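Numbering (this note's numbering), first residue to last: 15 to 109.
Yeah, the Cβ is synthetic: ideal placement off N, Cα and C, and Gly gets one too.
None of the values given here were measured: they were computed from a predicted structure.
Remarks on the structure that follows.
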């Protein structure tokens, strides 16, 4: 179990989000099968299997959010220093 968790943590968050999207779409497709084949057994199987696959997609999304939140703030890119004009170089006005 520890090896599986380490592999998930080392994987990127983007891959987990991609897996969550694919699983959710597959679950939705399986659930929508019951619309085209409204027999009782097909509806029960489509809803059960579709919910399991959709739940796995949601779990992937939650793991991605937890990993991203636990990794801390992302470093911001440093901008090149901006040279500011010296106020002493401007001519002074009377008055």
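Where the alpha helix (DSSP H) through residue i begins and ends
| i | result |
| --- | --- |
| residue 46 | 27 to 50 |
| residue 64 | 54 to 84 |
Straight-line gap, residue i to residue j (C-alpha atoms, nearest Å)
| i | j | result |
| --- | --- | --- |
| residue 85 | residue 62 | 35 Å |
| residue 26 | residue 47 | 32 Å |
| residue 45 | residue 92 | 48 Å |
| residue 38 | residue 66 | 10 Å |
| residue 60 | residue 70 | 15 Å |
| residue 87 | residue 40 | 33 Å |
| residue 72 | residue 34 | 6 Å |
| residue 29 | residue 78 | 9 Å |
| residue 50 | residue 80 | 37 Å |
| residue 36 | residue 64 | 12 Å |
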